[in-house]
Every structure is written in structure tokens, then in C-alpha cells.
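The number in this note's numbering is simply the position in the sequence shown, starting from 1, with 18 added. Here's the structure, in C-alpha cells; my notes come after.
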Amino acid sequence: MGFALLKESLGLPRRACSGLQEAKATAGPPLSVERVTEFSTFLALQPLWNRLCDDAGIDHPFLRHEWIRTWWECFGAGKELFVLLVKSGQEIIAIAPLMLGRARMYGLKVRRLEFISNVHTPRFDFIVARQQDEAYGAIWTYLFSCSALWDVLSLSQLPAGSRTLEELPRLAAGGGFLSGLWLSGDSPYLPLHGTWDAYVKGLDQKHRSNLRNRLKRLSRRGEVGVETIATIEHVASALTDGLLLEAAAWKGAAGTAICCRPEVQQFYTKLAERAAERGWLRLHFLTLDHHRIAFQYSMFCRDKLYLLKPGYDPAYAPYSPSNLLCYLVLRDAFDHSLAEHDFLGTAESWKLEWTLATRPHSCLFVFPRLLRLRLLHYIKFRLIPSVRQSRFYPRLRDILVELKARAEVRRHKLKVPAPA
19 MGFALLKESL
29 GLPRRACSGL
39 QEAKATAGPP
49 LSVERVTEFS
59 TFLALQPLWN
69 RLCDDAGIDH
79 PFLRHEWIRT
89 WWECFGAGKE
99 LFVLLVKSGQ
109 EIIAIAPLML
119 GRARMYGLKV
129 RRLEFISNVH
139 TPRFDFIVAR
149 QQDEAYGAIW
159 TYLFSCSALW
169 DVLSLSQLPA
179 GSRTLEELPR
189 LAAGGGFLSG
199 LWLSGDSPYL
209 PLHGTWDAYV
219 KGLDQKHRSN
229 LRNRLKRLSR
239 RGEVGVETIA
249 TIEHVASALT
259 DGLLLEAAAW
269 KGAAGTAICC
279 RPEVQQFYTK
289 LAERAAERGW
299 LRLHFLTLDH
309 HRIAFQYSMF
319 CRDKLYLLKP
329 GYDPAYAPYS
339 PSNLLCYLVL
349 RDAFDHSLAE
359 HDFLGTAESW
369 KLEWTLATRP
379 HSCLFVFPRL
389 LRLRLLHYIK
399 FRLIPSVRQS
409 RFYPRLRDIL
419 VELKARAEVR
429 RHKLKVPAPA
């Protein structure tokens, strides 16, 4: 959309929008956009928000109000809510769950407008229930009008097939903005079609043999079972055991376990409590004589099971307890006619032993055509891909990772906040 058309649509010069809370967005059916910046206003949206998720056919929990509220309470420090509500008359038909913050991108300070998410959010998007063409147009018109407030629009973990991946680059190009896609990884998932017996027969023969042998060997040591915690009464003690198992192997030593960072542990603890209250939570344990030896932190939503975090006791590693738990959880999912088991995350080798189906995800970046932002676009979408093809890239990557790790260690020792 050109600047002249924008001014006609909003009745305002572009830079006058820094304090804008509501603006007309399209001609024809009257759509307007309201920006929510207060947490109390966001909290009041819960019933409407979740109803809109249902109307939009969203089949995962990562865009539900409870998830985003929990995320904000645990990770939102230093950010500003920038939630856009698209209205047709008085009816909200779409939501853009965004936040505004400051970051560094290749050494340059930027004001980043992004989804209310981070690495603990497996999938995200806009919530658009009706009038999709008009709703996307309204969202972009508002973002365009307030582009003086942000340097980069960063939308992470968009799933393949998302309308956002089609509409935003097209609208941005029409406004003279630069955009680019960055592939963020393929998430394995298993459609639960047919019967359990037919599925198991289709697995790799070596994988089947290993499962049978390890289950038989473990059964010689005692009674093997599966315990599932789904109600609020037992969440606290079960989660304590689960997080110990999640940290017991390599994650604890590497500093990537949930319990290694207070805000991360707070997130998964609060999330478990709220999910249990709404019937989403599934904490699965593999037990040996009622002793918990492996763990899966999962969410159940719309007949699909989403695996967020696994873990196991390394003392039982010769029996592959994580794989045995996965085997028994999948069998139960088939028995209860679930639609899908989503492994989430990246396509790790152990997940691909269970399924070859993957769901690609991408990050969408949009930049205004200012000189330094054009430079960032060039670095990210021209220079970096070129460097990655160089034979020196693996060594350079290792050096950068090591330097980043050292800086993180120094920062924690000094107890100073990360750079804005």
C-alpha cells in the first residue's frame, strides 16, 4: 500500500501514529484496529481470545490465552505489549499477538516488533477467524502506519501453510518494505491413521527389535508401567520428579534443562498448573516397580498430543527408557483414537525413528527501507547464506558459539542483565 493511500485510509501522517490506539484500516466493510498495551486489558480478553482460536480452527495450545499469559508473566520483562485487535464493527475477527522490545541484530541495536514467543514456543501465528483478506490488510496497514516505532518485524515459528507467509510479504512489498524467510526447522509429527499393529509393522525392523529386547530386559528387573498425571491435585509432586528426570542426563550438564533458569522453570510450572485446570496437561512417566524412570511433558488439544519436553534417568540408559515410554504413549494414543502425535522441535534422529512426516516452520522478517535496515536485510539474506556455503563456515560457527557461551558465563557470574 502506498503512502498516499495510507494517509487517505487513516487520515493521519505516517509519523503521527506513535500514540495511535485505534485507526480505520480498510475501505468497504468497516474494519478497525485497536492496539492493546496494558496487561489488565489483555487479561480481560481471555474468553473472547480463546473463542476466536476455536473459530479460527487452531488445533494447538500455543496461541491460547493461557499459554501467552503464562509466557508474558515469565519472560515479558523489558517488553511492551503490542497486541492488535481487528474489528468488524464491534466484533473482533482477528488478533495479532505482538510485543515490542529492543535487541541486537548483527551488532546493531534494533527495535524489534515480534510475536509474544521465544524458543519455548514451538509454533505461532496471527489468529484470523473471518474475512482473512481484509483482516491481513488491516493488520499490515496498522503496522505500516506505525513503522516509525519499529526497525524489524520478526515473526518466528510460522508453520508451512500459514496464510501469514503469503500475505505479509506481499503486503510489505506493496508498501516498499523488504522481507525475507529464514527456515527454522522441520518438526516431526505422526498422523495416527490405521491400527497400532499396522503402524508398528511399518517401523524399521531394527528399531522394533531394539524396543522388544529392551522392554523384555527391563521387565526382568520389575513391573514396567506408564503413569499419567493430568489433574491439578498431583501436578506439583509429579512435575518435581519430571523436571529432575529432564535434567538428569546431558541437559543438566549443558545448562539447557528447565531447572537451570528460574524464569524457564517458572514458565513450565505455571503452565502445567493452568493446563491441568483446563484438561490439557499430560505428564507421562515410565515406571519400574512404581519408580519413575522416564518423563514426557505433553499437552493434549483437539485430539492431538504435543510433546514439549522429554527426560530420563541415565542410570537406565541401557534400556532406552525414553524410547520405551514413547512406544507405550503412542500405543495408548492409537487405542484412544487420537488424531496426531506432534513431536515438536527439530527433526532429531530419535524422532525420525517413529515418523518421517515433518512440518516445516519459518521465520518471517520485514524491514523498512532505511539504509541501516537495508544493510541488515543484506547481511541476513545475502551475506550469511553465502558465508554458510563456504568451507570455513563450520569452524567460524564453532568459534562464535564458543565466544557466545563464554560471554553468557561471564554475564551470569557478574549477575548483570543481557544487553538490550
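Glycine included, every Cβ here is placed at the ideal spot set by N, Cα and C.
Query: Is it buried or exposed, residue 182, if we count other Cβ atoms within 10 angstroms and call 16 or more buried?; Result: buried
Query: Does DSSP classify residue 298 as helix, strand or coil?; Result: coil
Query: Can you find at least 3 beta carbon pairs, one from the segment 301-309 and one from the segment 237-252, that sit closer than 8 Å?; Result: yes
Query: Taking 8 Å as the cut-off, decide whether the C-beta atoms of residue 55 and residue 203 are in contact.; Result: no
Query: By the DSSP assignment, the beta strand (DSSP E) with residue 328 in it spans what residues?; Result: 322-330
Query: On the DSSP letters alone, give me the boundaries of the beta strand (DSSP E) that residue 200 sits inside.; Result: 196-209
Query: Three or more beta-carbon pairs under 8 Å between the segment 86-97 and the segment 155-165, yes or no?; Result: no
Query: Between 308, 343 and 48, which has its C-alpha nearest residue 149's C-alpha?; Result: 48
Query: Measure the CB-CB distance between residue 307 and residue 260 and report whether it falls below 8 Å.; Result: no
Query: Going by the beta-carbon positions, is the gap between residue 83 and residue 64 smaller than 8 Å?; Result: yes
Query: Going along the chain, which residues of its own chain have a beta-carbon closer than 8 Å to the beta-carbon of residue 287, five neighbours each way excluded?; Result: 257
Query: In whole angstroms, what is the alpha-carbon distance linking residue 121 and residue 128?; Result: 5 Å
Query: Taking the alpha helix (DSSP H) that residue 397 belongs to, which residues open and close that run?; Result: Unbroken run through residue 397: none, as it is neither H nor E.
Query: Could you pull the DSSP bridge partners for residue 360 from this structure?; Result: 207 and 324
Query: For residue 378, which residues does DSSP report across the bridge?; Result: 204
Query: Can the beta-carbon of residue 322 be found less than 8 Å from the beta-carbon of residue 276?; Result: no
Query: Indicate whether residue 173 and residue 362 have their beta-carbon atoms separated by less than 8 Å.; Result: no
Query: Excluding five sequence neighbours on each side, which residues of the same chain lie with their C-beta closer than 7 Å to the C-beta of residue 76?; Result: 145
Query: Please classify residue 137: is it buried, with 16 or more other beta-carbons within 10 angstroms of its beta-carbon, or exposed?; Result: exposed
Query: Quick one: residues in its chain with C-beta nearer than 7 Å to the C-beta of residue 344, no 5 flanking neighbours on either side, listed in chain order?; Result: 372
Query: Hey, how far is the Cα of residue 333 from the Cα of residue 400?; Result: 47 Å
Query: Does the Cβ-Cβ distance between residue 99 and residue 117 come in under 8 Å?; Result: yes
Query: Would you decide whether residue 420 is buried or exposed? Buried here means 16 or more other CB atoms lie within 10 Å of its CB.; Result: exposed
Query: Can you tell me the Cβ-Cβ gap for residue 189 and residue 168, rounded? I've got them flagged as a contact below 8 Å.; Result: With a Cβ gap of about 15 Å, residue 189 and residue 168 do not count as contacting.
Query: Are residue 377 and residue 74 closer than 8 Å when you measure CB to CB?; Result: no
Query: DSSP on residue 59, reduced to helix/strand/coil?; Result: helix
Query: From this set, 195, 337, 142 and 392, which residue's C-alpha is nearest residue 232's C-alpha?; Result: 337
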